[in-house]
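Take 5 as the starting number for the sequence shown in the working numbering and just add one per residue. No residue lacks a Cβ here, since even glycine has one placed at the ideal position from N, Cα and C.
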Amino acid sequence: AWYLGRAYWLSGDVRAASRALAEASSISWEVNHLYAVFLVTHDFAHVQKLQGQLHVANQTYLRAIQQAQERGADLPAAGPAYVGRGNIEYEWNHLDAATALLQEGIKRCERAGNGRVILQAHMTLAFIKQAQGDSDGANAIMQRVVERASRQHISEHRHSQVEASSAWLSLMQGDETAVLHWLQHCDLDQKITHLREREYLTLVRVLIMQHRLDEAKQWLANLLQLAELQGRTGSMIELFMLQAKALYASGEMNQAIELLSQALSLAEPEGYVRLFVDEGTPIAHLLRQISRRTSSGHSDSTYYREHLLTLFATTHEEDVPFLAPSVATPGTNPLYEPLSDRELDVLHLIIAGYSNREIAERLVIAVSTVKWYVNIIYSKLQVESRTKAIVRARELNIM
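See the structure below:
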């Protein structure tokens, strides 16, 4: 049943995989084979997370860990269960608990020689550091992950996942050079498979940042169709959210709010937090718009949205206003995602009439990098041309 469940999962049939792994789990418990329990637990809980069932997956991990503790068994095979729980605690924004679980999982996986799960654990630790505001610490951990992945005998698929996670961290930090390097080498084609979804989602985020919104929307539509077909509700939450972000970037506010509301309705019962907060200020803006449009009250949904907005305010202190300014005042920048110093340099040269090549020469950067900055400026100003960017910049008095 375990092999059958894995086969179903690899083929993308998540519902069938869940049924087969539930049977395998039941058998392993009945025969009292603790090592088999942990093997099945890792895959079964992973499938449950794909289905968006964070609480159920957490209990699946917890049950196996508790049984081992009650029997006094200090099994290295329990490592992936600790790491799995750590990943869930991270999503719930319990960062200290997540760190402790991941570190315990790493210790056990090192004894078992489970290099693949060790890499996964360290990647989550890097994102925890980023969530805590320690970008240098996050980069140091991610760099070690990349170096370790290059030394280990892991599949090309696993190596690509590490590179995509590193690119996502760079994107969160605004490191356009690193992201562009990944984009040029990611080698993704239109033949979508759920096994490379993390790479596709990173690609979509980069396309949105570059204001290549039609491409991003097409990728998202194809990915969502596959996720719905395969019953991956966890993926659907993230895809609805990214669709909302793409629509927000193109100025389609009503549609963006509708899609983010769909994501929230699926995410709320399971307590998803970091998925939204890590995405940045456009999601905070949409959340505030949803709060304004809904009737006053104290429903669970209201508390959930306010909890997310509170975390946005503390995590992105300088970026996330709770109220949108209705009128630009001289000398202020009312953008929800302010232009960086380098983006302001590029915008200044655009206003001065320089071409992309001339801007590259003056700033001593590649033309492709200039285009990257121009696309980001367009996205943040919500315009589609140089002329409109200049007009918008003057309207906002940001130069």
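8 Å Cβ shell around residue i - same chain, five flanking residues per side excluded
{"i": "ILE241", "result": "GLY56, ALA267, LEU270, ALA271, TYR276 and LEU279"}
{"i": "GLU347", "result": "TYR377, ILE380, ILE381 and LYS384"}
{"i": "LEU123", "result": "VAL149, ARG152, ALA153, GLN156, ILE158, ARG162 and VAL166"}
{"i": "ILE394", "result": "ILE354 and ILE355"}
Sequence-distant residues of its chain with Cβ nearer than 7 Å to residue i (five each side left out)
{"i": "VAL60", "result": "GLN52"}
{"i": "GLN73", "result": "none"}
{"i": "ALA260", "result": "ALA248, LEU251, TYR252 and LEU290"}
{"i": "TYR12", "result": "ALA20, ALA21 and ALA24"}
{"i": "GLY255", "result": "GLN386"}
Neighbourhood of residue i by C-beta, 6 Å cutoff - its chain only, sequence neighbours within 5 removed
{"i": "ILE92", "result": "LEU58 and ASN62"}
{"i": "PRO286", "result": "LYS249 and TYR252"}
{"i": "SER169", "result": "MET127"}
Local conformation of residue i per DSSP, three classes
{"i": "ASP191", "result": "coil"}
{"i": "ALA220", "result": "helix"}
{"i": "THR64", "result": "helix"}
{"i": "THR336", "result": "Low confidence applies to THR336: its pLDDT is 42, below 50, so where it sits in the model is not reliable enough to give any reading."}
{"i": "ASP78", "result": "coil"}
{"i": "THR45", "result": "helix"}
{"i": "VAL35", "result": "coil"}
{"i": "THR237", "result": "helix"}
{"i": "GLY9", "result": "helix"}
{"i": "ALA40", "result": "helix"}
{"i": "THR197", "result": "coil"}
{"i": "ALA356", "result": "coil"}
{"i": "GLN52", "result": "helix"}
{"i": "GLN57", "result": "coil"}
{"i": "ALA328", "result": "Low confidence applies here, because ALA328 scores a pLDDT of 34, under 50, leaving its location unreliable and the question unanswered by this model."}
Element boundaries [alpha helix (DSSP H), containing residue i]
{"i": "SER383", "result": "371-385"}
{"i": "THR206", "result": "201-213"}
{"i": "ARG396", "result": "390-400"}
{"i": "ASP17", "result": "Where ASP17 is concerned, there is no enclosing alpha helix (DSSP H), given that its DSSP letter is neither H nor E."}
{"i": "LEU367", "result": "360-367"}
{"i": "LEU343", "result": "No alpha helix (DSSP H) holds LEU343; DSSP gives it neither H nor E."}
{"i": "SER174", "result": "160-177"}
Which runs of the alpha helix (DSSP H) spanning at least 4 residues fall entirely within the stretch 252-319, listed in chain order? 257-271, 278-281, 285-297 and 304-319
Can you list the alpha helix (DSSP H) stretches of 4 or more residues lying completely in the stretch 81-157, in chain order? 83-95, 99-116, 119-135 and 139-155
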